[in-house]
Structure formats: structure tokens, C-alpha cells
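Residue numbers (the UniProt record's numbering), protein chains in the order written: chain A, 1 to 156; chain B, 1 to 156.
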């Protein structure tokens, strides 16, 4: 783990023993990459919020994916609605055994494992103001570049 | 080296035997990081152009730095003016022995080595249209995130 000044900590997805949600995030990221999305995991769109996966499409579309490994993981999440103002599409990513009836209407659904994923239900589009998109895109850019720098030059 | 679909090749700065210009780029990146900039090396702002270093500041400022290891390296560069429409500040980064009298007026000057750098002359600010800034910021974001993904998940 590296601290990046005022930026964000590099997530521990590369650690030896990733958590179930991190494995889902990897599968999600691989699938979104096939759709042309560049993804960051554990992205902070605002103070106190941390998205499991934020994807940016070729036209700058911003998709948020929250990864839930089990019912308890989902039921303990009281924050997910706070992410809606910071993306244009909101998805849950769960494994094939997850009781998907629990998931709120209007949200997207991705079935994932550690290796790949599939979009089962495309969510409603959410409004995203131009000024907020601009800030999110800039913060996404800076976070990704600073994490990359730190991996390539650990003395940074 | 990895090919990232339609995106950009990961530069070989991490290779065992980096070129002199790449060592300057590392020093530049370290210094700009201290100023709060997130940097990408070998960033392509448009087809046929490749900047040695593109830095993005906390407010989204876009600075281009071209690294020149010697007089011949500078004199063989016929493209640098093409970068001006894609940044707000344009700098040369050279080592302490470089004959800086050669460098064009109005451009910035950074003296660098492999470990650090210092801004000697701040260049004039260049105009950057809002639409182009938007595209550059998006492309910077996607390039950084895709390179990061590829480093962390080589099977992507």
C-alpha cells in the first residue's frame, strides 16, 4: 500500500489474498475493458465515498459498479444511494448464487466471477451535471496517473 | 510492453536500460508530483503526436514537457510546435550540460536528472479551448487507467 500525498491509497487488489468483492471487481473490470471502458477500483468520487469500480467509456461515460459477495455484504451497505449523483449508470455486481431479488429496481445487474462478467440488466440513465462530470473526469485522471506513477517509481 | 486495444502502448521506462530522455522524464515526473501534478509519459494527445511527459495539475492544468538529452536530440525534433495546441504550458527538460541558448523564446525550461528536476523558466500560458481540454482530460484519464489495469492484471 502506498500513500499518494493528498490522493488515494492504492487498493490491495494485487495482494496475495484478495477479498471476494475484489475478485468480482477484477472480473467486472475485464468485462468492461472488452466494452471499451477504462476502470479504476476503489475510486473516491467525493469525501467519504468509495466506489468499488468506476468505469469510463470511450465517450467519457461514467459507470459505477458496487460488488457484493453475499447477502450480508449487500444488506450492510447503507451508502449506495449516495453514489447515484456521481455516475450515469449504477450497477451491482454479484456472483451467480446471489439472491438478486434483493436488489433495488432501476439499478443495473452484472453477474461476475474473478475472471469475467456479463451485464444482465442495463440500468436507467442518471443525470450528471456538466460541472460534476468535469470534476469527476479530472479526479479519475489524476488518481489513475498517480497510482500508475507510484507503481512504476515507488520512490516517488 | 503491452498493447492496450485501441489505446496506447505502455512506455518502456520500466525496462532495465532506460534511455537518457526517459531518465530525465522520471526526474521531471518526480518534481511535478511535488507540485501536485499527476503525470503520464509518452502520452498521445492526437494521432501522430507523442509527448514525453504530460502533467495534470490539481485544477486540471495541462503541462507538456519534452525531454532532450543532448543538442542532436533537440535539433532532430521537428514536431515540438505541434504540441502547443494541446497544452497550457510547454517546457523543455534538459540536463545541466545542455546548451540552453538553443531553446526557443517563450518556452519553459526545466533542468533535470534521473532523480529530480527544477523549473528554471516558467513559459507563457497558451490558450486551450474548453472542448479540446475536455477531450484531452478524458483521453489522459483513459490512458492512465488502462495502463494501470494492464500492469495489475496482465491477462486483461
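For each residue, glycine too, the CB sits at the ideal point set by N, CA and C.
Bear in mind that the values here come from a model prediction, so they are computed numbers and not experimental data.
Residue i - containing alpha helix (DSSP H), residue span
| i | result |
| --- | --- |
| residue 62 of chain A | Careful: residue 62 of chain A lies outside any alpha helix (DSSP H), inside the beta strand (DSSP E) at 62-68. |
| residue 33 of chain A | 20-34 |
| residue 141 of chain B | 130-152 |
| residue 117 of chain B | Residue 117 of chain B -> not in any alpha helix (DSSP H); beta strand (DSSP E) instead, spanning 117-121. |
| residue 75 of chain A | 71-75 |
Per DSSP, cross-strand counterpart(s) of residue i
| i | result |
| --- | --- |
| residue 53 of chain A | A:41 and A:65 |
Assigned secondary structure, residue i (DSSP; H/G/I helix, E/B strand, else coil)
| i | result |
| --- | --- |
| residue 90 of chain B | strand |
| residue 103 of chain B | coil |
| residue 112 of chain B | strand |
| residue 126 of chain B | coil |
| residue 156 of chain B | coil |
| residue 9 of chain B | Note on residue 9 of chain B: pLDDT 48, under 50, position unreliable in the model; the coordinate value appears next. Three-state result, residue 9 of chain B: coil. |
| residue 4 of chain B | Residue confidence for residue 4 of chain B is low, a pLDDT of 43 falling below 50, so the modelled location carries little weight; the figure read from the coordinates is stated next. Three-state result, residue 4 of chain B: coil. |
Reference residue i, options the options, closest by Cα
| i | options | result |
| --- | --- | --- |
| residue 54 of chain B | B:89, B:76 and B:47 | B:89 |
| residue 114 of chain A | A:134, A:105, A:131 and A:93 | A:93 |
| residue 99 of chain B | B:117, B:70 and B:124 | B:70 |
| residue 143 of chain A | B:77, B:81, B:57 and B:103 | B:57 |
| residue 63 of chain A | A:148, A:102, A:45 and A:112 | A:45 |
| residue 61 of chain B | B:152, B:130 and B:97 | B:130 |
| residue 126 of chain B | B:108, B:139, B:134 and B:135 | B:108 |
Sequence-distant residues of its chain with Cβ nearer than 6 angstroms to residue i (five each side left out)
| i | result |
| --- | --- |
| residue 73 of chain A | none |
| residue 43 of chain B | 51 and 54 |
| residue 24 of chain B | 67, 93 and 112 |
| residue 128 of chain B | 88 |
| residue 20 of chain A | 69 |
| residue 39 of chain A | 29, 32, 53 and 55 |
Spatial neighbours of residue i in its chain, beta-carbon cut-off 8 angstroms, leaving aside the 5 residues before and after
| i | result |
| --- | --- |
| residue 110 of chain B | 28, 31, 65, 91, 92, 93, 94, 117, 118, 119 and 120 |
| residue 79 of chain A | 49 |
| residue 6 of chain A | With a pLDDT of only 45 at residue 6 of chain A, under 50, the local geometry of the prediction cannot be trusted, and the value read off the model is given with reservation. Cβ within range, chain order: n/a, list empty. |
| residue 17 of chain B | none |
| residue 141 of chain A | none |
| residue 132 of chain B | 85 and 86 |
| residue 77 of chain B | 66 and 68 |
| residue 75 of chain B | 102 |
| residue 96 of chain B | 111 and 113 |
| residue 47 of chain A | none |
| residue 36 of chain A | 57 and 58 |
Cβ shell of residue i (< 7 angstroms), same chain only, five flanking positions each side left out
| i | result |
| --- | --- |
| residue 106 of chain A | 123 and 124 |
| residue 82 of chain A | 49 |
| residue 137 of chain A | 60 |
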